[in-house]
Amino acid sequence: MPMLADARRAVIVEMVQRERVLRVADLAQALEVSLMTVRRDIDVLHDAGAVEKIHGGAKARAEPSMYEPGFEVKSTQAQPEKDAIARAGAALVQEGMAVGLSAGTTTWTLAKRLSAMNRLTIVTNSVRIASVFYETPSQNTVLLTGGERTPSDALVGPIATHSLSQLHLDLLFLGVHGVDPQVGFTTPNLLEAEMDRALIAASRRVVVLADHSKWGILGVSSIASFEEVDEMISDDGLPPEAVEAIRERLASLRIVSVPQP
1 MPMLADARRA VIVEMVQRER VLRVADLAQA LEVSLMTVRR DIDVLHDAGA VEKIHGGAKA
61 RAEPSMYEPG FEVKSTQAQP EKDAIARAGA ALVQEGMAVG LSAGTTTWTL AKRLSAMNRL
121 TIVTNSVRIA SVFYETPSQN TVLLTGGERT PSDALVGPIA THSLSQLHLD LLFLGVHGVD
181 PQVGFTTPNL LEAEMDRALI AASRRVVVLA DHSKWGILGV SSIASFEEVD EMISDDGLPP
241 EAVEAIRERL ASLRIVSVPQ P
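Counted from 1, the sequence shown has number 217 at position 217 by the UniProt record's numbering; the numbering is strictly sequential.
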């Protein structure tokens, strides 16, 4: 029996809130309805303020710029996308490198892949990421900064930033809270932005890891502009207009395919 319109729209809202951004085609497939039906549902939900209509899909309503969900919440979101992004990131790493990993659940996912390698020097301000390497027997060296802990389990503050001033990293993987078409990469935490900028300053190459749900999210503090980053790795859920906007300003955007369940 077909799902009633109200029930179907409630499912759409739930899916969009969970995934942050979804395409019309993905919603239609999941709900087993036509593209036209989903477009009409999105129109209704947009008018009601439940979701935000974008070209080719819908995204969650904008959150307050100071809102920051905790690590446990974020680690359950967009897991297939983060796995695919982490796989692509790991392919850039070679033994003997000094690699920076900022705090975040996508960089934490990458850390689990890098922990299988040897002869890496890992620099991070994330207790969670450091724990991944400490719990895995290897020949890697892990340098964990000090500092004050944030909701995303980042260590921030003067102690953390000062510890980076004498370091030189081959490659930095940077996790971000939001990707804005005008200002670039942002976070809701002022001190975390300062720490991320210190990591960037210490790195020869900067790669942002951001799944499609980060598009259109604006945190209160800027981390870096598109021009300050060498590459961004995202997934194929990124809307076409986002791909176009990012490629106009960023040296390299890599889109990875996410296996269908």
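The beta carbon of each residue, even a glycine, is placed where N, CA and C say it ideally should be.
The alpha helix (DSSP H) enclosing residue i, as first and last residue numbers
i, result
"Val11", "Ala5 to Glu19"
"Ser252", "Here Ser252 belongs to no alpha helix (DSSP H), and DSSP marks it neither H nor E."
"Asp47", "Leu35 to Asp47"
"Lys82", "Gln79 to Ala90"
"Ile159", "Pro158 to His162"
"Ile200", "Leu190 to Ala201"
Cβ distance (whole Å) where residue i is taken to contact residue j below 8 Å
i, j, result
"Ile122", "Thr141", "7 Å"
"Gly157", "Gly219", "At roughly 18 Å, the Cβ-Cβ gap does not stay under 8 Å, so Gly157 and Gly219 are not in contact."
"Gly242", "Gly184", "Just to set this straight, residue 242 is Ala in the shown sequence, not Gly. Going by Cβ atoms, the distance from Ala242 to Gly184 rounds to 13 Å, so no, they are not a contact pair."
Rounded separation between residue i and residue j - CA only
i, j, result
"Ser234", "His212", "6 Å"
"Ser131", "Gly96", "20 Å"
"Phe226", "Glu194", "17 Å"
"Ser126", "Val256", "25 Å"
"His162", "Leu110", "25 Å"
"Val93", "Asp153", "24 Å"
"Asp196", "Gly175", "9 Å"
"Ala10", "Ala251", "39 Å"
"Trp215", "Leu35", "23 Å"
"Ala88", "Leu172", "14 Å"
"Ala84", "Leu45", "30 Å"
"Thr124", "Leu27", "37 Å"
"Leu164", "Ala58", "40 Å"
"Met15", "Pro259", "18 Å"
Residue from the options with nearest C-alpha to residue i
i, options, result
"Val190", "Glu148, Met3 and Ser221", "Per the sequence presented here, residue 190 reads as Leu, with Val not at that position. Among Glu148, Met3 and Ser221, the Cα nearest to that of Leu190 is on Ser221."
"Ile217", "Pro181, His55 and Thr107", "Pro181"
"Ala5", "Thr107, Arg23 and Arg39", "Arg39"
Bounding residues of the beta strand (DSSP E) (the contiguous stretch that carries residue i)
i, result
"Lys53", "Glu52 to Ile54"
"Leu143", "Thr141 to Leu144"
Given 8 Å as the limit, is there contact between the stretch 199-208 and the stretch 95-114, that is, 3 or more CB pairs closer than that? Enough Cβ pairs lie closer than 8 Å, so yes.
Taking three-plus beta-carbon pairs below 8 Å as touching, is the stretch 235-243 in contact with the stretch 14-24? When Cβ pairs closer than 8 Å are counted between the two stretches, the stretch 235-243 is seen to touch the stretch 14-24, the count reaching three or more.
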